[in-house]
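Just below is one structure, and these are the notes that go with it.
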Amino acid sequence: MVRTRIAPSPTGIAHLGTAYTALRNWALARREKGQFIIRIEDTDRDRYVEGAEKIIFEALEWLGLDNDEGPNVGGPHAPYTQSQRLDLYKKHAQKLVKKDKAYYCFCTKDRLEKIRLEQQARKELPRYDRHCRHLSPAEIKKHLSANDPYVVRLKVPQKGVTVAHDVIRGEVKFENSGLDDQVLLKSDVYPTYHLAVVVDDHLMKITHIIRGEEWLSSTPKHILLYQAFGWKLPIFAHLPIIRNQDHSKMSKRHNDVSILSYRDRGYLPEALNNFLALMGWSHPAKKEVFDLQDFVTHFSLERVQLTAPVFDLTKLNWLNGIYIRKLPDADLALRLQPFIPPGCPDDIFKKIIPLVKERLVTLADFESLTEFFYRDIKLTTKDLTEQSRHSAPDTAKALKQFTHDLEKLSSSAWQTQKLDAVGHAILKSLSWSPRELFMTIRVAVTGKEATPPLFETMEVLGKKEVIKRLNYASSRLRRDFR
Ligand code: GLU
285 MVRTRIAPSP TGIAHLGTAY TALRNWALAR REKGQFIIRI EDTDRDRYVE
335 GAEKIIFEAL EWLGLDNDEG PNVGGPHAPY TQSQRLDLYK KHAQKLVKKD
385 KAYYCFCTKD RLEKIRLEQQ ARKELPRYDR HCRHLSPAEI KKHLSANDPY
435 VVRLKVPQKG VTVAHDVIRG EVKFENSGLD DQVLLKSDVY PTYHLAVVVD
485 DHLMKITHII RGEEWLSSTP KHILLYQAFG WKLPIFAHLP IIRNQDHSKM
535 SKRHNDVSIL SYRDRGYLPE ALNNFLALMG WSHPAKKEVF DLQDFVTHFS
585 LERVQLTAPV FDLTKLNWLN GIYIRKLPDA DLALRLQPFI PPGCPDDIFK
635 KIIPLVKERL VTLADFESLT EFFYRDIKLT TKDLTEQSRH SAPDTAKALK
685 QFTHDLEKLS SSAWQTQKLD AVGHAILKSL SWSPRELFMT IRVAVTGKEA
735 TPPLFETMEV LGKKEVIKRL NYASSRLRRD FR
């Protein structure tokens with residue numbers, strides 16, 4: 285039974301890296317009909333941010349990455365929040381002390397600081413000098429009965445090599461002599477990440493640990509812990525982490541790293557999932573566009589590439605446009621609900637969706653692409669004559685004639701085809717190019733050079749509004765040549 289997990293720390297935002305890791309853990313569990321677990325690692329109280337956990341669940345729910353166990357849904361290994369499991373870690377730390385795999389360390393902050401400075405002066409790597417590893421039972425007893433504060437440290441073997449078998453990287457070897465006697469339990473009885481992650485992954489029966497490569501250097505410590513407890517090792521896979529365009533670690537400074545900010549800026553979860561799926565992984569059929577189900581069917585750790593994926597917003601925008609255009613109009617209308625611009629009447633909103641669907645990159649673009657439908661436009665003479673390439677009087681005359689012919693259309697005849705016919709009749713009577721005439725009308729009616737098809741736009745705007753705008757354009761022109 286495959287059981288995967290993510291173990292985010294609630295330190296503020298729900299990070300894009302969490303979605304990237306979650307997607308792979310989720311897909312493997314779904315493909316293998318196993319379970320995907322979310323555990324909240326909140327033992328670093330200095331970095332804890334109130335409410336951050338809620339944001340993580342909101343973000344994963346938006347992406348559709350559902351979990352089988354976790355603080356939000358419970359499960360057989362509850363609680364799934366580490367701060368509610370402190371007794372367990374303490375118990376396990378004591379167990380290791382009893383097995384002589386770990387020891388109490390009573391060194392004071394001052395002493396630790398002193399050895400750190402000495403090591404620094406000797407240009408050595410800072411590490412614990414293992415002073416308390418050699419305390420006699422009597423000395424330990426004395427400290428304990430004096431209630432001296434202590435931490436519990438792992439007795440790292442001083443010789444030998446710890447080998448991590450990583451599905452993506454193969455064998456990764458770590459000299460034990462390079463490892464510190466890691467603190468497992470702090471003096472405030474909070475566990476360190478290393479102890480808590482190993483105890484929980486074991487007790488929660490996690491079979492595959494799939495996480496970012498920034499945790500690879502912690503893996504030998506974890507392996508030593510599994511061995512110290514006498515537990516079976518899980519399968520490890522360290523994913524290449526997402527990079528900025530300059531190949532630095534993805535950060536707030538370069539890119540938006542909050543999952544929910546993508547939602548709020550009008551990206552579809554389908555697009556973000558597809559985009560993240562393609563990071564450091566390629567579809568066996570070389571597909572660029574595929575849904576979650578397809579990803580579940582084809583995802584495998586063996587296909588994960590080692591080269592770091594680079595965050596490419598252009599690609600995300602491209603995918604988002606594709607997913608927007610795949611949506612039926614009614615669905616798109618639902619997705620657009622949070623983006624309905626102020627002042628956009630409901631009937632207009634529904635009518636313009638098919639007109640702008642082609643041009644939406646994000647849902648948030650809806651406003652800038654459509655505001656001329658329901659807000660006043662502004663024009664100058666130059667806006668119009670630049671398009672017509674005729675004098676202001678001649679431009680006004682052409683618009684007047686067009687207006688006059690439109691006025692003759694009854695409201696029921698106000699349809700794209702009829703409007704098109706009126707436009708082409710005018711074109712015939714003038715010696716203008718189609719572009720000169722229709723761009724002038726377009727700018728007169730919308731205030732913009734790039735819009736949905738002109739006559740469809742005019743149909744939606746309605747007779748009254750179009751005539752009003754054309755009159756306004758003519759009046760602008762006349763005011764300037766008077
Ligand atoms: N709590 C760690 C994090 O914030 C989990 C690392 C792991 O998956 O072991 O990402």
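285 is the number of the first residue of the sequence shown in this note's numbering; add one for each residue after it.
All residues carry an ideal CB built from backbone N, CA and C; glycine is no exception.
In this text, all values refer to a predicted model and were calculated from it rather than measured experimentally.
Roughly how many angstroms lie between the CA atoms of residue i and residue j, to the nearest whole one?
i           : j           : result
residue 310 : residue 584 : 12 Å
residue 376 : residue 544 : 37 Å
residue 637 : residue 656 : 14 Å
residue 548 : residue 451 : 36 Å
residue 486 : residue 360 : 14 Å
residue 288 : residue 491 : 6 Å
residue 415 : residue 331 : 30 Å
residue 760 : residue 726 : 15 Å
residue 440 : residue 295 : 30 Å
residue 445 : residue 504 : 9 Å
residue 538 : residue 380 : 44 Å
residue 527 : residue 559 : 14 Å
residue 232 : residue 576 : Nothing about residue 232 can be read from this structure; the chain reaches only from 285 to 766.
residue 425 : residue 387 : 12 Å
residue 685 : residue 556 : 50 Å
residue 417 : residue 357 : 42 Å
residue 652 : residue 586 : 44 Å
residue 516 : residue 508 : 11 Å
residue 447 : residue 456 : 6 Å
residue 599 : residue 518 : 35 Å
residue 335 : residue 501 : 30 Å
Taking the beta strand (DSSP E) that residue i belongs to, which residues open and close that run?
i           : result
residue 387 : 386 to 389
residue 714 : That residue, residue 714, is in no beta strand (DSSP E); it is neither H nor E in DSSP.
residue 469 : 467 to 469
Taking residue i and residue j to be in contact with their CB atoms under 8 Å, please state how far apart those CB atoms are, rounded to whole angstroms.
i           : j           : result
residue 437 : residue 468 : 7 Å
residue 634 : residue 698 : No, residue 634 and residue 698 are not in contact; Cβ-Cβ is about 17 Å, not under 8 Å.
residue 443 : residue 461 : 7 Å
residue 702 : residue 693 : 6 Å
residue 720 : residue 673 : 6 Å
residue 639 : residue 740 : 6 Å
residue 711 : residue 758 : So it is not a contact: roughly 18 Å between Cβ atoms.
residue 494 : residue 312 : 7 Å
If you follow the alpha helix (DSSP H) that residue i is part of, which residue opens it and which one closes it?
i           : result
residue 519 : Here residue 519 belongs to no alpha helix (DSSP H); instead the beta strand (DSSP E) covers 519 to 523.
residue 557 : 553 to 561
residue 742 : 738 to 745
residue 637 : 630 to 640
residue 687 : 676 to 691
residue 578 : 576 to 582
residue 409 : Run containing residue 409: none; DSSP gives neither H nor E here.
residue 334 : Segment: none, residue 334 is in no alpha helix (DSSP H) and carries neither H nor E.
residue 652 : 649 to 658
residue 567 : Counting along the chain, residue 567 falls outside any alpha helix (DSSP H), and DSSP gives it neither H nor E.
residue 619 : 613 to 620
residue 423 : 421 to 429
residue 506 : 503 to 513
residue 644 : Residue 644 -> no alpha helix (DSSP H), and no H or E assigned at all.
Going by the DSSP bridge assignment, what does residue i pair with across the sheet?
i           : result
residue 353 : 321
residue 496 : 523
residue 448 : 456
residue 774 : Here the chain has residues from 285 to 766 only, and residue 774 is not among them.
residue 438 : 386
residue 358 : 354
residue 287 : 319
residue 365 : 324
residue 594 : 527
residue 533 : 527
residue 475 : 469
Cβ-heavy atom distance between residue i and the ligand NAD below 8 Å?
i           : result
residue 292 : With respect to the ligand NAD, the structure offers nothing, as its ligand set consists of the ligand GLU.
Query - Meets three-Cβ-pair contact criterion under 8 Å: the region 400 to 411 and the region 427 to 442 - result: no
Query raised in the report: Is it true that the region 635 to 652 meets the region 595 to 607, where meeting means three or more beta-carbon pairs spaced less than 8 Å apart?
Result: yes
Query raised in the report: Below 8 Å, can you find three or more Cβ-Cβ pairs linking the region 340 to 347 to the region 298 to 309?
Result: yes
Query - Cβ contact (3+ pairs, closer than 8 Å) linking the region 317 to 335 and the region 514 to 524 - result: no
Requested in this report: Indicate whether the contact test is met: 3 or more Cβ pairs, each with one atom in the region 324 to 333 and one in the region 363 to 377, closer than 8 Å.
Outcome: yes
Query raised in the report: Do three or more CB pairs link the region 511 to 518 to the region 408 to 420 at distances below 8 Å?
Result: no
Query raised in the report: So, do the region 707 to 724 and the region 680 to 698 have three or more beta carbon pairs nearer to each other than 8 Å?
Result: yes
**Report entry** the region 616 to 636 contacting the region 568 to 585, beta-carbon criterion three pairs below 8 Å
**Finding:** no
Requested in this report: Spell out a yes or no on whether the region 659 to 667 and the region 555 to 573 are touching, meaning 3 or more CB-CB pairs, one atom from each, closer than 8 Å.
Outcome: no
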